[in-house]
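Numbering follows the numbering used here, with no gaps: position 47 of the sequence shown is 613. All C-beta atoms, glycine included, are put in the ideal place defined by N, C-alpha and C.
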Amino acid sequence: MVTKDLYDIALCTVKNINLKKNGKAGHVACALETVSGIVYTGICIDVPCSIGICAEQAAIAEMLKHGETKIKRIVSVYEDGSILSPCGRCRELISQLDLDNENTVVAINNDQKVTLKELLPERWDKKWD
Ligand SMILES: [Zn+2]
567 MVTKDLYDIA
577 LCTVKNINLK
587 KNGKAGHVAC
597 ALETVSGIVY
607 TGICIDVPCS
617 IGICAEQAAI
627 AEMLKHGETK
637 IKRIVSVYED
647 GSILSPCGRC
657 RELISQLDLD
667 NENTVVAINN
677 DQKVTLKELL
687 PERWDKKWD
């Protein structure tokens, strides 16, 4: 079972914002908790011609703005309440922020969570650790 409190924060962050030319934002929201216990949130931005950012990236930017890099757990929720696993780019981004983030607990669906190192088992950058 995915931790309910972080899920609830992400779900409450979901919103539907219509943008120019069928663009939209907020239909996916992310909540992450750092090792200090602070929760940061973010929403996706999706505009035509594939420009946009994931909700995870927005939450990570908010976390970095506050000087933190170590993510304890993270969850992203679609507007229908389903949990979305982070895309490959976001998985890699989380891993590049801090060595300890290999232990980040990632919700991958409404019933399962795994560590980031389980999602990225064979690191391409071990040489630089
Ligand atoms: Zn992503």
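query                                                                                                                                                                 : result
Would SER642 and ALA576 be called neighbours here (beta carbons separated by less than 9 Å)?                                                                          : yes
Could you check which residue in ALA673, GLN678, ASN676 and ASN669 has the C-alpha nearest to that of PRO687?                                                         : ASN669
LEU630: buried (16+ other C-beta within 10 angstroms of its C-beta) or exposed?                                                                                       : exposed
Helix, strand or coil: which one does DSSP assign to ILE626?                                                                                                          : helix
With a threshold of 7 Å on Cβ separation, who are the neighbours of LYS679 within its own chain once the five nearest residues in sequence on each side are excluded? : VAL568, VAL671, VAL672 and ALA673
In chain order, what residues of the same chain have a beta carbon less than 6 Å from the beta carbon of GLU634, not counting five sequence neighbours either side?   : THR600
Is any heavy atom of ligand 1 found at a distance shorter than 8 Å from the C-beta of GLU628?                                                                         : no
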